[in-house]
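Colleague: Before I ask anything, here is the structure I am working with.
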Amino acid sequence: MKAESIMAMTEAEPVLPRIESPNGLFAAAPLMFHFKPVRTCLVSAILQRLATTDARAAMIDLIVAPNGWGKTVAASQVYQHWVEELKRPGLWLGINRANTGSWALSTHLIARLDRAVADARGSPTSADAGIEQSCPSYLAYLLERLPRPFLICIDNVDYCTGNPNSGDGPDFLAELAQTAPAGVHLLVTANRPTGSDLTAARLNNRLWSHGTADLALTEDEARQILQEGLGPVEATTLNTLIARTEGWAAGLRLGRLLLDHAPDSTTVANSFSGDAPDLRSWFDHHVLGAIPARTQDFLRHASLFPHFSAAQMAEVAGIADASQHLSMLLDAGMFIIPISAHERTYRFHTLFLDRLRSEAEQQIPAVRRQECHRRMAQWSMRQGAWLTAIDAAVKSRDHSFINAVLEQAAPRLVQGQGRLQAYMQVVDGLLAQGISLGIEARYWYAFALSFHLRHASADTQRRRLTDLLDATDPGHADFSHRLAHLSVAFAFLADDIPAAGRHAQAWLNAPTAQNPFDRGWVLSILAVHHLMAYRFAEARECLRKAAPMIREAGSPYLTAWCDLIRGTVFVYEGNLSKARQIIDATLVAAEQSMGPEAEICDTICSIGSKCAFEQGDHLVARAWLERGLRSMDRHGTVGSSAYAVETAIAYWNGDETASSFQRLEALIGTYAPRLALTFRCLVARRLVQLGRVQDAEAVAREIDLDVRKAALRGHRDEQPARFRDLLVMTSIEVLHGRGDHAGSLKLAERELRRAKHEGRMLRCVRLELMIMSISFQTGRQPDALRHLLAALRQAGRCGILQPFQNHRAVIAALVGRLGQPLESCFPMRGERVFVGRVLDLLGLDEGSSVLQPEGGCVPLGALSEREHELMQLVSSGMSNAVIARLLGLSENTVKWHLKNVFRKLDVVNRTSAVRRFMQDA
81 MKAESIMAMT
91 EAEPVLPRIE
101 SPNGLFAAAP
111 LMFHFKPVRT
121 CLVSAILQRL
131 ATTDARAAMI
141 DLIVAPNGWG
151 KTVAASQVYQ
161 HWVEELKRPG
171 LWLGINRANT
181 GSWALSTHLI
191 ARLDRAVADA
201 RGSPTSADAG
211 IEQSCPSYLA
221 YLLERLPRPF
231 LICIDNVDYC
241 TGNPNSGDGP
251 DFLAELAQTA
261 PAGVHLLVTA
271 NRPTGSDLTA
281 ARLNNRLWSH
291 GTADLALTED
301 EARQILQEGL
311 GPVEATTLNT
321 LIARTEGWAA
331 GLRLGRLLLD
341 HAPDSTTVAN
351 SFSGDAPDLR
361 SWFDHHVLGA
371 IPARTQDFLR
381 HASLFPHFSA
391 AQMAEVAGIA
401 DASQHLSMLL
411 DAGMFIIPIS
421 AHERTYRFHT
431 LFLDRLRSEA
441 EQQIPAVRRQ
451 ECHRRMAQWS
461 MRQGAWLTAI
471 DAAVKSRDHS
481 FINAVLEQAA
491 PRLVQGQGRL
501 QAYMQVVDGL
511 LAQGISLGIE
521 ARYWYAFALS
531 FHLRHASADT
541 QRRRLTDLLD
551 ATDPGHADFS
561 HRLAHLSVAF
571 AFLADDIPAA
581 GRHAQAWLNA
591 PTAQNPFDRG
601 WVLSILAVHH
611 LMAYRFAEAR
621 ECLRKAAPMI
631 REAGSPYLTA
641 WCDLIRGTVF
651 VYEGNLSKAR
661 QIIDATLVAA
671 EQSMGPEAEI
681 CDTICSIGSK
691 CAFEQGDHLV
701 ARAWLERGLR
711 SMDRHGTVGS
721 SAYAVETAIA
731 YWNGDETASS
741 FQRLEALIGT
751 YAPRLALTFR
761 CLVARRLVQL
771 GRVQDAEAVA
781 REIDLDVRKA
791 ALRGHRDEQP
801 ARFRDLLVMT
811 SIEVLHGRGD
821 HAGSLKLAER
831 ELRRAKHEGR
841 MLRCVRLELM
851 IMSISFQTGR
861 QPDALRHLLA
871 ALRQAGRCGI
881 LQPFQNHRAV
891 IAALVGRLGQ
901 PLESCFPMRG
911 ERVFVGRVLD
921 LLGLDEGSSV
931 LQPEGGCVPL
941 GALSEREHEL
951 MQLVSSGMSN
961 AVIARLLGLS
971 ENTVKWHLKN
981 VFRKLDVVNR
991 TSAVRRFMQD
1001 A
């Protein structure tokens, strides 16, 4: 295969469209292509959003990517679908030449809009406007008069020189975005960041930014390209090409041409890089051969680093005119990818990075390369890019320099940025290379290991740290206080909360000077110690004392951690509305300061999923749960992970062979034993809710839970209060499920008094509802109603909805026998609104006597209305005698109805009928 074929593939595909302007600056229609464009996920997402927003808001989609990534193809597909298939009005404006003036673009757009408005209204617009046609107000006037919805597509907007970076003319794109009214949508493409101020649109959720990651083709999309004119492509070959091209459409088409001429597709795919003979010839001719020698030298030096900018290359490589070389390369496009629009930072496409680095090794002396890496490390440290600094130091191959960089980077990465996982990976790699660690590096390595549940490794590093200190600083008086700090961390993360509390208090009482981060973190651990014992005032006092330390430390990780504890205090109290406000704000701040991939964000989501679930916000609860589980095997505490486990089990359908259930079991195995016991208790409670009481009792026996005493047999150690409460609630529900109403009522009433004394609203609501069900099933309907009203009042104050779902049948029966609307029992308007929300959640109309079957439940033809009502009562655990008394029937009549139900549901006993009914309903 010849290099000329590749050049033809990348240069000659588009057919120019009809030229609109006399000077040839602008095109009025999308490009025509010699290949069939692939409908990508990005195109589908944009079309779906445009179809659903209609005239409610002005949406702006901005696609920024180098040449060859298919941004013009994507914009063309969106525009053609909009105009040709949806039959909606639109306007395409392609800018054909670089350095087109902003005034020419503005004038041309106004002329096109003027024509569009005239065509829509059947008359000219300028005569009645009373506005000078060239001024910005006339643009606003025309946009207001366009038919809605209307789509404006502008291709290659960065060719316009009127942007903030040039200082030549107005910010055209910002003006257009600000002026566009509701229903006028913008789709804009650019080869490089525009620099336009679109802050207002972003804050109003009207701006959708897309880059190379969004344009990168998926496996199915790549397969469509690779199979044009070819036979089937093996999965391994396909995956290799996608990885090497990063989903780059032009690169995949090059790969397709290579496969077309190769006998062995696997070998071609594995060797597919910019250093492959054909691509090397094309790259040398089409790229390196087309640029000056000084720019080629810039390329070689830039390839030494994972990313680069003009300022960096000027300082690190000593290339004074780096900005000019970078601008030239951006105009050429294709193999330079922006990674930070704000900082103007770029990287090379993987396909050609190997070729450039090969050139660098041949053309740049080794001493010069090592010096560049040292300078890169120093420059990165000044920028706060600590991982990049370590990477550059390692490439310098100077062990003393590596140690010096690591000693400075360790505390910044761990305590400053919370990048514990990244730091551990770096140190693991250095240790594998035989590079020794200094005192600071080893200290923070032990700290990070403990947070990531590698307790044995953490303890090993602590002992080695002690040995290192004994050898270099006998007595190490100055460092002994920090070793005690590690003891606090180890005890806390090993789930020994009492020991953590003792160590924390002793550490705080020591007279040694304390680092703000260390003191703030230890105060947060003491706050958790108090929180686990429901000492809410003491927990808040610890957080209050930690606040100035947190501000002084300036650590985003510590800030997020302490804010999360503050929100968790409200979760413990049951004030979910306040807890949700804090958790939402904490997650936003943590994502902004550390990025959404930071593991502390996943821990925040674990606790947030519990809040969202109890509030009935299941869309958010499920999304946060998934995020909480993704890093649970390497980051978190027993307490925070227990919330994710509780939410996950609440959604479980009872199938222990399901992959999600087995995944949860595997995750729990990485934690201290208390989380495994918590998991089994939650499983038992869920089985009771699913009508599988015997299975729930079996789980209780597995963990040696004495449900009469609500305690684990043989466990004399003091249990954390929250875990004790879980054991009690599991016992109450198992006793209730098997019909031991006296035993369950005794425990529930005792726990309700305790929960009220501790001020824990969520637990109070659950216990009030449990006592309501027990009272109802034992024929004490007035007591049942009293507890229902109490539960509603307490839940309304805190936004608690979910617990009512577990008692739907009993609530339905009580509402039906009340004789008046349930809302009338509440004098305050806010309370009545909340009761309405609960009834709506349960599917109960005001004053209805039964819960009507919904779509997807047991068909009406299968069960009669009476049978449906009967099964609701049976599902709540009532005996035939109680049901007969409640419905005014004889027990024989109830048995006769149940026999008919068994026949219709094709089951043979009561337990099977309940299970089938619950599954269908």
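The letter at position 68 of the sequence shown is residue 148 when you use the working numbering, and the numbering goes up by one with no holes.
C-beta atoms are modelled at their ideal positions from N, C-alpha and C, and glycine is treated no differently.
Taking the DSSP output, what are the residues bridged to P418?
Modeller: Taking the first residue of the sequence shown as 1, we reach residue 418 at position 338. DSSP, once it has assigned bridges, lists Y426 as partnering P418.
Colleague: With a threshold of 16 other CB atoms inside 10 Å of the CB of E679, please say whether the residue is buried or exposed.
Modeller: In the sequence shown, counting from the first residue as 1, residue 679 sits at position 599. E679 is buried by the Cβ-count criterion.
Colleague: Can you determine whether any heavy atom of the ligand ADP sits closer than 6 Å to the C-beta of R374, and answer yes or no?
Modeller: As far as ligands go, the structure on display features none, and thus does not contain the ligand ADP.
Colleague: With the cut-off set at 7 Å, would you say A626 and G600 are in Cβ contact?
Modeller: Locating residue 626 in the sequence shown gives position 546, where the first residue counts as 1. Locating residue 600 in the sequence shown gives position 520, where the first residue counts as 1. Against a cut-off of 7 Å, the Cβ pair of G600 and A626 comes out as a contact.
Colleague: Taking its Cβ as the centre, do 16 or more other Cβ atoms sit within 10 Å of K975, making it buried, or is it exposed?
Modeller: Looking up residue 975 in the sequence shown gives position 895. Result: exposed.
Colleague: Rounded to a whole number of angstroms, what is the C-alpha to C-alpha distance between T375 and Y239?
Modeller: Along the sequence shown, one-based indexing puts residue 375 at 295. Along the sequence shown, one-based indexing puts residue 239 at 159. Those two C-alpha atoms are separated by around 22 Å.
Colleague: Could you tell me which of N960, K475, L978 and L969 sits nearest to H948, measuring between CA atoms?
Modeller: As a first step, residue 948 must be located in the sequence shown, where it is residue number 868. Of the listed residues, the one whose Cα sits closest to H948 is L978.
Colleague: Is there contact here, the stretch 518 to 532 with the stretch 687 to 695, by at least three beta-carbon pairs under 8 Å?
Modeller: no
Colleague: Between which two residues does the alpha helix (DSSP H) holding S824 run?
Modeller: Within the sequence shown, numbered from 1, the residue matching residue 824 stands at position 744. Where S824 is concerned, the enclosing alpha helix (DSSP H) stretches over H821 to E838.
Colleague: To the nearest whole angstrom, what separates the beta carbons of C681 and L699, a pair I think is in contact under 8 Å?
Modeller: Within the sequence shown, numbered from 1, the residue matching residue 681 stands at position 601. Within the sequence shown, numbered from 1, the residue matching residue 699 stands at position 619. Contact doesn't hold; Cβ gap of about 18 Å is too wide.
Colleague: Got a sec, what are the start and stop residues for the alpha helix (DSSP H) D199 sits in?
Modeller: Against the sequence shown, residue 199 aligns to sequence position 119. Run containing D199: S182 to R201, per the alpha helix (DSSP H) assignment.
Colleague: Taking 7 Å as the threshold (C-beta atoms), are I880 and H867 in contact?
Modeller: Locating residue 867 in the sequence shown gives position 787, where the first residue counts as 1. Locating residue 880 in the sequence shown gives position 800, where the first residue counts as 1. Against a cut-off of 7 Å, the Cβ pair of I880 and H867 comes out as no contact.
Colleague: With a threshold of 6 Å on Cβ separation, who are the neighbours of R714 within its own chain once the five nearest residues in sequence on each side are excluded?
Modeller: Along the sequence shown, one-based indexing puts residue 714 at 634. Result list for R714: H532, in chain order.
Colleague: For D863, I'd like the list of residues in its chain whose CB is within less than 7 Å of its CB, leaving aside the five on either flank, ordered along the chain.
Modeller: For the purposes of this step, residue 863 is taken as the residue at position 783 of the sequence shown. Beyond the five residues adjoining it in sequence on each side, D863 comes within less than 7 Å, by CB distance, of S855 in the same chain, given in chain order.
Colleague: Suppose the cutoff is 7 Å on Cβ atoms and the five residues either side in sequence are ignored; what does the same chain contact list for L762 look like?
Modeller: In the sequence shown, residue 762 corresponds to position 682, counting from 1. Excluding residues within five positions, the ones whose Cβ falls inside 7 Å are V725, E726 and I729.
Colleague: For Q857 and H821, which I take to be in contact (beta-carbon distance under 8 Å), what is that distance rounded to the nearest angstrom?
Modeller: Sequence index remark: in the sequence shown, residue 857 carries index 777 (1-based). Sequence index remark: in the sequence shown, residue 821 carries index 741 (1-based). Confirmed, about 6 Å.
Colleague: By alpha-carbon positions, which one of R631, Y652 and A198 ends up nearest to L222?
Modeller: Counting from 1 along the sequence shown, the entry for residue 222 is found at position 142. Of the candidates R631, Y652 and A198, the one whose C-alpha sits nearest the C-alpha of L222 is A198.
Colleague: For the stretch 491 to 499 against the stretch 461 to 475, are there 3 or more C-beta pairs whose distance is under 8 Å?
Modeller: Yes: the two stretches touch, three or more of their Cβ pairs being nearer than 8 Å.
Colleague: Return helix, strand or coil for H387, following the three-state DSSP convention.
Modeller: Here residue 387 is taken as the residue at index 307 of the sequence shown, counted from 1. H387 falls in the coil class under three-state DSSP.
Colleague: Between P372 and R272, which are expected to be in contact by the criterion C-beta below 8 Å, what is the C-beta distance as a whole number of angstroms?
Modeller: Position 292 of the sequence shown holds residue 372. Position 192 of the sequence shown holds residue 272. Cβ-Cβ separation between P372 and R272: approximately 20 Å, too far for a contact (criterion under 8 Å).
Colleague: With a CB to CB cut of under 7 Å and the five nearest residues on each side skipped, what residues in its chain are close to R788?
Modeller: Within the sequence shown, numbered from 1, the residue matching residue 788 stands at position 708. Excluding residues within five positions, the ones whose Cβ falls inside 7 Å are G823.
Colleague: Tell me where the beta strand (DSSP E) around G170 begins and ends.
Modeller: Taking the sequence shown and counting its residues from 1, the one referred to as residue 170 is at position 90. It spans G170 to I175 - the beta strand (DSSP E) in which G170 sits, taken as one unbroken run.
Colleague: Would you mind sorting V913 into buried or exposed? The rule is 16 or more other CB atoms within 10 Å of its CB.
Modeller: In the sequence shown, the residue the question calls residue 913 occupies position 833. Exposed, by the Cβ-count rule.
Colleague: What does DSSP give as the partner residues of I234 in its beta bridges?
Modeller: As a first step, residue 234 is located in the sequence shown; it is residue number 154 there, counting from the start. DSSP lists L173 and V268 as partners of I234.
Colleague: From which residue to which residue does the beta strand (DSSP E) around H290 run?
Modeller: The residue given as residue 290 occupies position 210 in the sequence shown. That run of the beta strand (DSSP E) goes L287 to H290.
Colleague: Residue range of the alpha helix (DSSP H) that D863 falls in?
Modeller: As a position in the sequence shown, residue 863 is number 783, starting the count at 1. Q861 to C878 is the extent of the alpha helix (DSSP H) around D863.
Colleague: Does the beta-carbon of A590 have 16 or more other beta-carbons within 10 angstroms, so that it is buried, or is it exposed?
Modeller: To locate residue 590, count along the sequence shown from 1; it is residue 510. Burial call: exposed.
Colleague: Roughly how many angstroms separate the alpha carbons of L872 and V915, rounded to a whole number?
Modeller: In the sequence shown, the residue the question calls residue 872 occupies position 792. In the sequence shown, the residue the question calls residue 915 occupies position 835. So the two alpha carbons sit approximately 7 Å from each other.
Colleague: Who are the Cβ neighbours of N483 in its own chain at under 8 Å, not counting the five residues just before and after it?
Modeller: In the sequence shown, residue 483 corresponds to position 403, counting from 1. Counting only Cβ-Cβ distances below 8 Å, and skipping sequence neighbours, we find I515, S516, L517, G518 and A521.
Colleague: Measuring alpha carbon to alpha carbon, tell me which of A892, W641 and L755 ends up nearest L921.
Modeller: Against the sequence shown, residue 921 aligns to sequence position 841. If we check each option's Cα against that of L921, A892 comes out closest.
Colleague: Can you name the start and end residues of the alpha helix (DSSP H) that I748 belongs to?
Modeller: Numbered from its first residue, the sequence shown carries residue 748 at position 668. Taken as a continuous stretch (DSSP letters only), the alpha helix (DSSP H) holding I748 covers S739 to I748.
Colleague: Just verifying my parser: in three-state terms, what is the DSSP assignment at D805?
Modeller: As a position in the sequence shown, residue 805 is number 725, starting the count at 1. Three-state DSSP puts D805 in a helix.
Colleague: For the stretch 588 to 667, list the alpha helix (DSSP H) runs that are entirely contained and at least 4 residues long, ordered along the chain.
Modeller: 596 to 612, 616 to 633 and 636 to 653
Colleague: How far does the alpha helix (DSSP H) with V507 in it extend, from its first residue to its last?
Modeller: Taking the first residue of the sequence shown as position 1, residue 507 is located at position 427. From DSSP, the alpha helix (DSSP H) with V507 extends over L500 to A512.
Colleague: Going by other Cβ atoms of all chains shown within 10 Å of its Cβ, with 16 needed for buried, is S721 buried or exposed?
Modeller: As a working mapping, residue 721 is identified with position 641 in the sequence shown. Answer is buried; the Cβ neighbour count reaches 16.
Colleague: Is the stretch 637 to 648 in contact with the stretch 833 to 848, if contact means three or more CB pairs nearer than 8 Å?
Modeller: no
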